[in-house]
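Remarks on the structure that follows.
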Amino acid sequence: MYKQGKYLIVKKKAAAAGVFDLTILCPDIARLAQPGQFVQAAANGFFLRRPISICEIYDDSIRLVFEVRGKGTEALSALNAGDNIDLIAPLGKGFTVLEGKKAVCVGGGIGTPPMLSIASRYGKNARVISGFRSADAVILQKDLAGAGCETVLCTDDGSAGIHGLVTVPLEEILKTDKPDIIYACGPMPMLKGVALLAKEYDVKCEVSLEQRMACGVGACLVCACKTVRNGEQILSHVCKDGPVFDSGEVDFS
Amino acid sequence: MSDKLKVSVCGVEFKNPVIPASGTYGYGREYECLYPLSKLGGISVKGTTLNPRQGNPAPRVAETPSGMLNSVGLQNGGAKKFLEYELPNLLTKDTRIIANIAGATAEECAELASMMNASKVDMAELNISCPNVKQGGAAFGTSCAAAEAVTRAVKRELPDKPLMVKLSPNVTSITEIAKAVEAAGADALSLINTLLGMRIDIKTRRPILKNNVGGLSGPAVFPIAVRMVWQVHNAVNIPVMGMGGISCWEDAVEMMMAGASAVQVGAAIFADPYTPIKIIHGLEKYCDENNISNISEIVGSVQPW
């Protein structure tokens, strides 16, 4: 079930250089949305919509945090509070929530926003490891702490937090205080590393994937991704079968 | 809904002339939560092959000015799944069902035709124009002899249903292909399929599509589609369904004036899933405002200079 319509942007702020943070009043979408789902946002002057993961879900609004990657997202970044944004949402299969259990969330760069919506469901039972290229790209740490989560920050250049990859603190946690589930969103090499650790330590793991899309609802079949189900290789679709997949189903080769 | 939009294409009655195009609407399941499928004139379902197909590797889509390229490569669950799982559901939706079939060989197309002939679909649309598959597809649709042979083989196995053949625009003369297909027994034609195109990522020097090339659709192709529908409508005596870049009711009127008895709407649905419904409402209003008792009156009504 999803909705399509024009919705009011009630708040806009810059999260980091080239990263924008919109809060959108959309009660019907907010009521349906689950952590890990995404929206298809129409960008003025462009034919195809842009898929953006939902960062946070409130009673009557949602929050989108996205990076300017090209001309389409640049057009979206030009929208301001008071403007309308045309959305199709909520779309896709979100994360599985294990009530009363412990989670570790791993976000890489612009893969961090969907971690906020799932981590806030766990509050103090979630640890969130986020990795960025440098201190000036860091986003959402205060929001994650505000949701009661323990945060671990890593940067590629050591300009903030731990100097290194997110998989280093992840393995530490897996050794000392194993969670019931791992959630991850970020670049494919990071997801592959997280999935390998999850397998090694035998922890359930869900990853959120990205692919170029057209319809966003499962009709056009352009957003194919390689998956394995019952030992059989199949091309699934990120928009409908995902964006969240069990890491054991994803073919990272 | 009034009868003003009722149209007939080679004996099949449609409650209105607006039909989502094959490959852009799945089997309708993904759009049913927005509006009942019974509002549509019909649905041309996802291209069906004899056996399931995985399609091409991703990325399969690239944006273009006013359009998009795709290289899906006919990913589908095969004819058995369509007939046993999708068709029974579609038949409860009170809309016309057009089975879109594609094969690697004329024999495969004929076998599919015989399966569709025994089914409850309203008509079959033979895809001889897919630019994204290595065998069959556009290879049939770009030569008069091959197009004629495959049409004949399919019509022989489809005696009880109308056969519509979907033509490729990637040819020197679409009217020659249209006439060959008509001579081979086609009951209707649909055009245009996508135009072969390419985009390159200038940073990586790699094509955006993993298949290197793909089919262009969207408003960018609309004028080409109008021209080809007009040419084909004037060259044959069988009805034509017009498609290619239609995104609003004005486009649908234009396409019908060029000679289309009905229209198919494709890529525009990705931008706005309500597009077919908006077109239907627009056409109703257009008929009312212009004292048109039935939309068919405008088919081929363009007065060339």
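Top to bottom, those sequences are chains B and A.
Just so we're aligned, residue 1 is where the first sequence starts under my numbering, counting upward by one.
Just so we're aligned, residue 254 is where the second sequence starts under my numbering, counting upward by one.
We put the beta carbon where it would ideally sit given N, CA and C, even for glycine.
Note that the structure is a prediction, hence the values are computed from the model and not measured.
6 Å CB neighbourhood of residue i in its chain, flanking five on each side removed
| i | result |
| --- | --- |
| B:Phe252 | Lys192 |
| A:Ile533 | Asn269, Val271 |
| A:Gly390 | Cys383 |
| A:Ala357 | Gln388, Gly389 |
Within chain C, the residues that residue i reaches when beta carbons sit closer than 9 Å
| i | result |
| --- | --- |
| B:Gly218 | Looking at the structure shown, chain C is missing, and the protein chains on hand are B and A. |
Span separating the alpha-carbon of residue i from that of residue j
| i | j | result |
| --- | --- | --- |
| A:Gly279 | A:Gly330 | 11 Å |
| A:Lys299 | B:Glu171 | 45 Å |
| B:Ile162 | B:Val128 | 13 Å |
| A:Trp558 | A:Met510 | 14 Å |
| B:Ala75 | B:Gly82 | 16 Å |
| B:Val168 | B:Thr176 | 13 Å |
| B:Asp254 | B:Gly5 | Because chain B spans 1 through 253 in this model, residue 254 of chain B falls outside it and cannot be assessed. |
| B:Ser117 | B:Ser61 | 13 Å |
| B:Lys261 | B:Cys239 | This structure cannot settle anything about residue 261 of chain B, because the visible part of chain B is limited to 1 through 253. |
| A:Glu526 | B:Gly158 | A small fix is needed here, since residue 526 of chain A is Pro in this sequence, not Glu. If I take the Cα positions, the gap works out to 46 Å. |
| A:Asn385 | B:Ile24 | 39 Å |
| A:Glu337 | A:Asn544 | 44 Å |
| A:Asp413 | A:Arg349 | 16 Å |
| A:Phe393 | A:Ala406 | 12 Å |
| A:Thr302 | B:Cys223 | 20 Å |
| A:Leu536 | A:Ile548 | 8 Å |
Candidates the options, of which the one nearest residue i by Cα
| i | options | result |
| --- | --- | --- |
| A:Pro529 | A:Met494, A:Lys292, A:Leu379, A:Arg282 | A:Lys292 |
| A:Ile354 | A:Val374, A:Asn342, A:Leu344 | A:Val374 |
| A:Pro590 | A:Pro476, A:Gln328, A:Glu316 | There is simply no residue 590 of chain A to check, as chain A begins at 254 and stops at 558 in what is shown. |
| B:Glu249 | B:Gly218, B:Ala198, B:Cys215 | B:Ala198 |
| B:Leu32 | B:Ile24, B:Leu144, B:Tyr2 | B:Tyr2 |
| B:Glu67 | B:Phe47, B:Gly108, B:Lys93, B:Tyr58 | B:Gly108 |
| B:Gly146 | B:Gly70, B:Ser120, B:Gln211 | B:Ser120 |
| A:Trp502 | A:Gly468, A:Val518, A:Met451 | A:Val518 |
| A:Gly264 | A:Met417, A:Ala315, A:Pro305, A:Asp504 | A:Met417 |
| A:Thr345 | A:Pro312, A:Glu316, A:Leu322, A:Gly281 | A:Gly281 |
| A:Val482 | A:Leu340, A:Ser275, A:Asp504 | A:Asp504 |
| A:Val260 | A:Ser514, A:Lys538, A:Ala524 | A:Ser514 |
| A:Phe475 | A:Val552, A:Asp440, A:Met496 | A:Met496 |
Contact set for residue i: own chain, Cβ-Cβ below 8 Å, skip 5 residues either direction
| i | result |
| --- | --- |
| A:Val485 | Leu420, Ile427, Thr428, Ala431, Leu442, Leu444, Val493, Gly512 |
| A:Lys387 | none |
| A:Ala436 | Glu401 |
| A:Glu410 | Ala363, Glu364, Ala366, Ser367, Asn370 |
Residues bridged to residue i (per DSSP)
| i | result |
| --- | --- |
| B:Pro243 | B:Lys93 |
| A:Met321 | A:Glu316, A:Ser470 |
| A:Thr199 | Since the first and last residues shown for chain A are 254 and 558, residue 199 of chain A lies out of range. |
| B:Lys6 | B:Asp86 |
| B:Met1 | For B:Met1, which the question treats as bridged, DSSP gives no partner whatsoever. |
| A:Ser261 | A:Glu266 |
| A:Val271 | A:Val516 |
| B:Lys11 | B:Thr23 |
| B:Val228 | B:Gln233 |
Cutoff 7 Å; reference residue i; Cβ partners in own chain excluding five residues on either side
| i | result |
| --- | --- |
| B:Tyr201 | Leu174, Lys178 |
| A:Gly308 | Val325, Gly326, Leu327, Gln328 |
| A:Pro472 | Ser319, Gly320, Gly498, Ser500 |
| A:Ser546 | Lys257 |
| B:Ile234 | Thr227 |
| B:Ala241 | What sits at residue 241 of chain B in the sequence shown is Asp, not Ala. Around B:Asp241: Lys93. |
Ignoring anything shorter than 3 residues or poking outside the stretch 396-475 of chain A, list the beta strand (DSSP E) runs there in chain order. 416-419, 441-444, 448-450, 467-470
Jot down the residue ranges of each uninterrupted alpha helix (DSSP H) in the stretch 497-537 of chain A, minimum 4 residues, whole runs only, in chain order. Runs of the alpha helix (DSSP H) inside the stretch 497-537 of chain A: 502-511, 521-524.
Alpha helix (DSSP H) runs wholly inside the stretch 88-139 of chain B, at least 4 long, in chain order: Those alpha helix (DSSP H) runs which fall completely within the stretch 88-139 of chain B and span 4+ residues are 113-122.
Run through the stretch 138-211 of chain B for me and flag every whole beta strand (DSSP E) of 3 or more residues, listed as ranges in chain order. 150-155, 181-185, 204-208
Can you list, in chain order, the stretches of the alpha helix (DSSP H) that have 4 or more residues and sit fully within the stretch 39-89 of chain B? 71-77
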